[in-house]
Amino acid sequence: MAKQISDFFYDSKVMFKRCMKIALRNPEALVQATITPIFLMLMFGAVFGNIADVGAYNYVDYILPGIILQAVAQATQYTAINVNADMTKGIIDRFRSMPLAKSALLIGHAGASVVRNVMTTVVIIGTAFIVGFRPQAGFVDWLVIIGVLLLSVTAITCFAVFCGLRAKSPEGASGLMFPLFILPFISSGFAPTETMHTAIRWFAEYQPMTPIINAVRALMLGHPPGNDLWIALAWTSATAILAFAFAVRRFKRKM
Amino acid sequence: MESIVSVSNLQKSFKSLKVLKDVSFDIPKGSIFALLGSNGAGKTTVVRILSTLLSPDGGTATVCGYDVEREGDAVRAAISLTGQFAAVDEVLTGRENLQIIGELGRIPNLKNKIHEWLVTFDLEEAADRPVSTYSGGMRRKLDIAMSLMGSPEVIFLDEPTSGLDPQNRLAMWELVKNLARDGTTVFLTTQYLEEAESLADNIAILHEGRIIAYGTPGNLKAILPQRGAHLNFASDADAEKAMKILRENGITVAGLSQEMPTLEEVFLTLIGEKQDGEPNG
C-alpha cells in the first residue's frame, strides 16, 4: 500500500513535469492568457468605468474578481486541449500500456494547469494595483482569498480535464469549455445583479460564479463575505471532486 | 518450447461488427512472430487486447503467464507497445522524450542510459532538437527507443515499417532481428508477406476474424501452389532460342527472378482450399 502511494506520487510528479514542459514550449498561450484579461480589465475600466453604477465601489476593485475568474476559465481551455491531444494521439497508448498509476497523467495535467493559472492570476492582480486597485484585506483575509481562488482554479481545471477526456477533438474540448467563458459575464462580476432583467438576474444569482466573485470581492475590500463564502466553497469543492471523479472514471474505461 | 504469449478463442466486436471471431495462437519465448493480414483485418485489435488497452468480449489471452484481463499491471510491466502512430511529444526534444519514459520506468543511471540509446539509434545529433523537426524515420526510431528503455520481455510493434523508406525499412528489420537475438520476444503486425517471411520465425494469417494459417514461413509457402518464374533476355530472338533449348533440354538460366506471392494470392489459395474442403468436412 505504501509502495502504491509513493508510486502514485512519483508517477504524478513526472507527468506534472512533462505537462509543465509542454506548456512552457508554447509561451504564446501563456502570454495570451495573461494579456487578454489585462486588456479586458483596462477596457472595462475605460469604457464602463464612468457609467457603471456599482455603488460606492471603485470600478477596478469591483470587477477584479470577475476578471480573474474569466481569465482562469479562458486559460484553462488549454488544459482541456492538452488533455484531449494526449488522448487522441498515440502517446496515450504508450502511457496506458505502461505499469503506471492510473490517474497520474490527469493529476499531471491538473497540477500544471493550476500552476499556470496561479502565474497569470498573480500578474493580473499586480497589474490591477497599477491601475488603481486598493484592497482593504488583512493578512487572514488574503489567506482566505488565496484559498477560495485556488479552489476555484482547481474546480475549473478538473472540469477542463473532464472536457478534454470527453471531447473527440481539441477544438471540441475548447468548445465544451465555452459556457465557462461566458458565466463570469452573466454574474455579479461586472454589474450588480439587481440591475439585471428578472430571468437573467435569477440565473446570475444562482450560478456558481456569483458567490465566488461576491466572496472574493468582499474579502478584498475588507467586508464580511457572509454566506457567499460558504456557498462558494461548496460549489468549488463539489465541482472539483465530481469532475475529477468522472474524469478518472472516463480515463480508466477501456473500449 | 515455452510459450510467452498464449491466445485462445479470442473474440471482439465493435457494435455489430465482429472483428475477431475466433483467434488462437501461441508464441514461443524469444521468437519473432508476425501477424499478417490486410487492412482492417483486426491486427491492431489483437495487439490492443494483448497490451491491455482493450477488453476482449470472449476468450483468454496470457502474456508471460499473466492474464491480460485480470493481471493487467503484471502484463504492462512485462511488455512495451509501439503503435502505428509515433507516441512521442512533438514539442519536446528527443532527449526529453526519453527522459520522461525513463523516469516513469524508474530506470537507474538514466542519464548514461539515454546517451547509450541515442547513440544506438543514431539520434545523438538530433537529441536536443524538438521532435517536430524529425523525419518520419527518426520519429519511428525514437518511438522504438522509448519502447525498449524498460527492457521489456515482449515488444509489440504494430506495422513498424509502414510509411518508412526502403533504407529505414531495412534498418528496422535489422533492429527486430537484433532484439530477438538478445532474447526479446517480438510481436509484429504487417500487411507485407515479404516482411513477415524475412523476419518471422512464425507467421499467423488473420482473415475475417480468424487465424486461417499458422506456421513457419516454410510451412506457409508449402501451402501455396507452385510458383512460376520471370526470365529476362536481351532480345526476343534470344528468348525464343532459349525457350526452344529449354523445351528440348532443360537448362540453367542466369537471370531468374522468382516472384513473391502476394498476400491476396495466399488468401485466395487458403480460402479456396477451405471452400473445397468444406463439403466433406
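From first to last, the protein sequence lines are chains A and B.
For the first sequence, the residue numbers in our numbering are 1 to 255.
For the second sequence, the residue numbers in our numbering are 1001 to 1281.
Ideal Cβ positions, reconstructed from N, Cα and C, are used throughout, including at glycine.
Applying a beta-carbon distance threshold of less than 9 Å, which residues of chain A neighbour residue i?
i               : result
residue 1091(B) : 21, 22, 25 and 26
residue 1051(B) : 93, 96 and 97
Check the Cβ of residue i against every Cβ in chain B and list those closer than 7 Å, keeping chain order.
i             : result
residue 90(A) : 1083, 1085, 1086 and 1087
residue 99(A) : 1073, 1076 and 1077
Excluding the five sequence neighbours on either side, which residues of its own chain have a C-beta within less than 7 Å of the C-beta of residue i, listed in chain order?
i               : result
residue 109(A)  : 19, 79, 82, 83 and 161
residue 1057(B) : 1011, 1012 and 1013
residue 1067(B) : 1060
residue 1074(B) : 1066
residue 1097(B) : 1088, 1089, 1131, 1142 and 1146
residue 1172(B) : 1160, 1161 and 1164
Which chain B residues are close to residue i, counting only those with a beta carbon under 9 Å from its beta carbon?
i             : result
residue 94(A) : 1080, 1081, 1082, 1083, 1087, 1088, 1101, 1143, 1146 and 1147
By the criterion of Cβ-Cβ separation under 7 Å, what are the contact partners of residue i in chain A?
i               : result
residue 1159(B) : Ordered by position in chain A, no residue passes the 7 Å Cβ test against residue 1159(B), which lies about 12 Å from the chain.
residue 976(B)  : This structure leaves residue 976(B) out entirely; chain B is present only between 1001 and 1281.
Once the 5 residues before and after residue i are set aside, which same chain residues still bring their CB inside 6 Å of it?
i               : result
residue 158(A)  : 240, 243 and 244
residue 212(A)  : 152 and 232
residue 37(A)   : 67, 71 and 124
residue 1254(B) : Residue confidence for residue 1254(B) is low, a pLDDT of 47 falling below 50, so the modelled location carries little weight and cannot support an answer.
residue 249(A)  : none
residue 1219(B) : none
For a contact defined as C-beta to C-beta under 8 Å, what are the partners of residue i on chain A?
i               : result
residue 1096(B) : 21
Where does residue i fall in DSSP's three states?
i               : result
residue 1257(B) : At residue 1257(B), the pLDDT of 48 sits below 50, so the modelled position is not reliable and the matter cannot be decided from this model.
residue 51(A)   : coil
residue 61(A)   : helix
residue 1015(B) : coil
residue 197(A)  : coil
residue 1109(B) : coil
residue 83(A)   : helix
residue 252(A)  : helix
residue 78(A)   : helix
residue 172(A)  : helix
residue 11(A)   : helix
residue 227(A)  : helix
Spatial neighbours of residue i within its chain, please: CB distance less than 8 Å, with the 5 preceding and 5 following residues excluded, ordered by chain position.
i               : result
residue 1107(B) : 1113, 1149 and 1150
residue 148(A)  : 212, 215, 216, 219, 229, 232, 233 and 236
residue 1118(B) : 1094, 1095, 1098, 1124, 1127 and 1145
| said: Measuring CB atoms only, is the region 21-37 of chain A touching the region 69-78 of chain A, in the sense that at least three cross pairs come out at less than 8 Å? | reply: yes
| Counting Cβ pairs, one atom from each stretch, are 3 or more of them under 8 Å apart for the region 1014-1021 of chain B and the region 1184-1195 of chain B? | no
| said: Quick test of the definition: if touching needs 3 or more C-beta pairs under 8 Å, does the region 1093-1102 of chain B touch the region 1144-1162 of chain B? | reply: yes
| Does the region 1062-1075 of chain B come within contact of the region 1204-1219 of chain B, defined as at least 3 CB pairs closer than 8 Å? | no
| query | What residues from the region 1125-1138 of chain B come within 8 Å of chain A, judged by C-beta to C-beta, listed N to C? | reply | 1130
| query | When Cβ atoms are compared, which residues of the region 1-22 of chain A fall closer than 7 Å to chain B? | reply | 11, 14, 18, 21 and 22
| message | For the structure I just gave you, are there three or more beta carbon pairs, one from the region 1024-1034 of chain B and one from the region 238-249 of chain A, closer than 8 Å? | response | no
| task | Mind the definition here: the region 47-64 of chain A touches the region 159-179 of chain A only if three or more C-beta pairs lie below 8 Å; say whether that holds. | result | no
| Is the region 1161-1169 of chain B close to the region 1001-1010 of chain B, with three or more CB pairs under 8 Å? | no
| said: With three or more C-beta pairs closer than 8 Å as the rule, is the region 221-230 of chain A touching the region 86-97 of chain A? | reply: no
| If we count Cβ pairs, one from each stretch, closer than 8 Å, do we get three or more for the region 7-24 of chain A versus the region 41-48 of chain A? | no
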